[in-house]
């Protein structure tokens, strides 16, 4: 894996998928062909939008998504705390 991805741009974004799909137990894993990550792109931009605190409500309304990207604590260090606090409260009531 390391040798194959030595010159890859983002090998960390495919690590787990590659390991699971190449494992001996691969046949026991069901492939879900839907994206569970919420990402907002601006047309023509090479990278997704960095979410900030102002995007909190938008992120919380993505009930069909398990993950979101992209966050950067250098841009906004509050958004991840807001999400953690909300999810902690939801776990308390579950």
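In my numbering, the protein residues as written are 7 to 100.
Ideal placement from N, C-alpha and C gives every residue a C-beta, glycine not left out.
**Study point:** Integer-rounded CB distance, given that residue 77 should sit under 8 Å from residue 57
**Key:** Your numbering for residue 57 matches position 51 in the chain shown. Your numbering for residue 77 matches position 71 in the chain shown. Yes, residue 57 and residue 77 are in contact; Cβ-Cβ is about 6 Å, under 8 Å.
Check your understanding: Considering only residues of the stretch 46-80, which uninterrupted alpha helix (DSSP H) runs meet the minimum length of 4 residues and lie entirely inside it, listed in chain order?
Key -> 62-66
Review point. Once you ignore the five residues that flank residue 44 on each side, which residues in its own chain have a CB closer than 6 Å to its CB?
Key: Sequence index remark: in the chain shown, residue 44 carries index 38 (1-based). Result list for residue 44: 68, 71 and 74, in chain order.
Practice item. Give the DSSP bridge partners of residue 43, in chain order. Key: Position 37 of the chain shown, counted from the first residue, corresponds to residue 43. Its beta-bridge partners are 73.
Check your understanding: Would you report the Cα separation of residue 25 and residue 65, rounded to the nearest angstrom?
Key -> To locate residue 25, count along the chain shown from 1; it is residue 19. To locate residue 65, count along the chain shown from 1; it is residue 59. Taking the straight line joining both Cα atoms gives about 29 Å.
Review point. Over what stretch of residues does the alpha helix (DSSP H) that includes residue 23 continue unbroken?
Key: Working through the chain shown from its first residue, we reach residue 23 at position 17. Run containing residue 23: 21-27, per the alpha helix (DSSP H) assignment.
**Study point:** residue 12, DSSP secondary structure in three states
**Key:** As a first step, residue 12 must be located in the chain shown, where it is residue number 6. In the structure shown, residue 12 sits in coil (DSSP, three-state: anything other than H, G, I, E or B).
Practice item. Whole angstroms is fine: what's the gap from residue 13's alpha carbon to residue 23's? Key: Within the chain shown, the letter at position 7 stands for residue 13. Within the chain shown, the letter at position 17 stands for residue 23. Going from the Cα of residue 13 to the Cα of residue 23 covers about 18 Å.
Check your understanding: Just how far apart, CA to CA, sit residue 93 and residue 61?
Key -> Against the chain shown, residue 93 aligns to sequence position 87. Against the chain shown, residue 61 aligns to sequence position 55. Going from the Cα of residue 93 to the Cα of residue 61 covers about 16 Å.
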